[in-house]
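Below is one structure, written out as structure tokens, with a few remarks after it.
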Amino acid sequence: MNLSQLPPSLKYEPPGTPIRVEFDRRIGHYSMDGNHYHSACEIYYLFSGERNYFIRDRSYTVRPGDLVPIGANEVHKTSDVGVPNHERIVIYYEQTFFEALDAEEARLLQTPFNLEYAVRSLNLQEKAHVETLLHSLLGELADTPPGYGMHIRHMAAELLLFAARHARKQDSPPPCEPTPVQRKITEIVRHINSSYAEPLDLDGLSKRFYISSSHLSRMFKEETGFKFTEYVNLTRIKEARLLLRDTNLGVTAVSERTGFDNFSHFGKVFKKMTGMSPRQYRSVYRSD
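For the sequence shown, position 119 matches number 119 in the UniProt record's numbering, and the numbering has no gaps at all.
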């Protein structure tokens, strides 16, 4: 099957399904918007083009034939590297997918999401195998013959099994050595991830990491796809959601625990990112 024969966008997302699929052919330059973490695990595969992909705490250059497993609740974002046009597929695996398996199978299939390096570069044989699975999946999604959903879920499970066996075979090194700038940004991101409850601003971090604030701001956006303040707020709100859902801390205490020195600002940022106030979020997602 030739991908050019497919519509520019295809989705498989019936209500309640443990597996969802998105295919997109994007013309021109494109960078992701919005908040970029979710409860599902995902596998991203790039058919054509070139992308910068920030995952967890470092940036990768993703090229055709790269398989990118991303674990649940890991911050990630793709952005433009100056190369227009790309085709990609993303397959999402909800936690209910793993819960339906026995413990040993679930551990095996979660292997790709627990590796140090997120990008898996495939050789030509592996690339051909993966694209055979994905072309079969996309052909069914485009034509929707009887039972197509069953076939899509089967191909998605086959892909995940391949990724798990590939990951078990070796925890491969990064596709290329990170540049000094990438190493510096990784260091800064790791500091933000561990110190979100402390005051964090460009001036303070520029002194801590011996770099000018203007240069830090520009490098951070180029390497991660996020503005500095956007990433700090995203990290803090991600933790606040966990605390609201899983603890008895009051909303004010959650605000303070996650680094907001102003309760009103916390409420505004939280609502902007989640679509609801902290109290509304707790009432909807409280686990007990």
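Ideal Cβ positions, reconstructed from N, Cα and C, are used throughout, including at glycine.
What does the Cβ neighbour count give for residue i, buried or exposed, with the cut at 16 atoms within 10 Å?
{"i": "L160", "result": "buried"}
{"i": "L124", "result": "exposed"}
{"i": "F54", "result": "buried"}
{"i": "K227", "result": "exposed"}
{"i": "Q5", "result": "exposed"}
{"i": "V232", "result": "buried"}
{"i": "M155", "result": "buried"}
{"i": "H86", "result": "buried"}
{"i": "K77", "result": "buried"}
{"i": "residue 295", "result": "The structure shown does not extend to residue 295, since the chain spans only 1 to 288, so no value can be given for it."}
{"i": "F220", "result": "buried"}
Report the partner residues of residue i according to the DSSP bridge assignment.
{"i": "V21", "result": "Y12, I91"}
{"i": "E42", "result": "I70, Y92"}
{"i": "R241", "result": "Note: R241 sits in no beta bridge, so no partner."}
{"i": "V62", "result": "R51"}
{"i": "S121", "result": "D66"}
{"i": "R56", "result": "Per DSSP, none; premise fails for R56."}
{"i": "R26", "result": "H86"}
Report the three-state DSSP secondary structure of residue i (helix, strand or coil).
{"i": "K77", "result": "strand"}
{"i": "H36", "result": "coil"}
{"i": "H191", "result": "helix"}
{"i": "H86", "result": "strand"}
{"i": "R184", "result": "Checking the sequence, you will find Lys at residue 184 rather than Arg. K184 falls in the helix class under three-state DSSP."}
{"i": "P199", "result": "coil"}
{"i": "E116", "result": "coil"}
{"i": "S217", "result": "helix"}
{"i": "S212", "result": "coil"}
Compute the beta-carbon to beta-carbon distance between residue i and residue j, rounded to the nearest angstrom, for a pair I have assumed lies under 8 Å.
{"i": "P18", "j": "Y93", "result": "7 Å"}
{"i": "R245", "j": "R218", "result": "With a Cβ gap of about 36 Å, R245 and R218 do not count as contacting."}
{"i": "G139", "j": "E198", "result": "Not confirmed; about 51 Å, so no contact."}
{"i": "L141", "j": "Y12", "result": "5 Å"}
ask   = Counting only runs that start and end within the stretch 144–172, where is the alpha helix (DSSP H) found for 4 or more residues in a row?
value = 148–169
query = Can you give, in chain order, each stretch of the alpha helix (DSSP H) that sits fully within the stretch 233–285 and has at least 4 residues?
reply = Counting whole runs of 4 or more residues, the stretch 233–285 contains the alpha helix (DSSP H) stretches 251–257, 263–274, 278–285.
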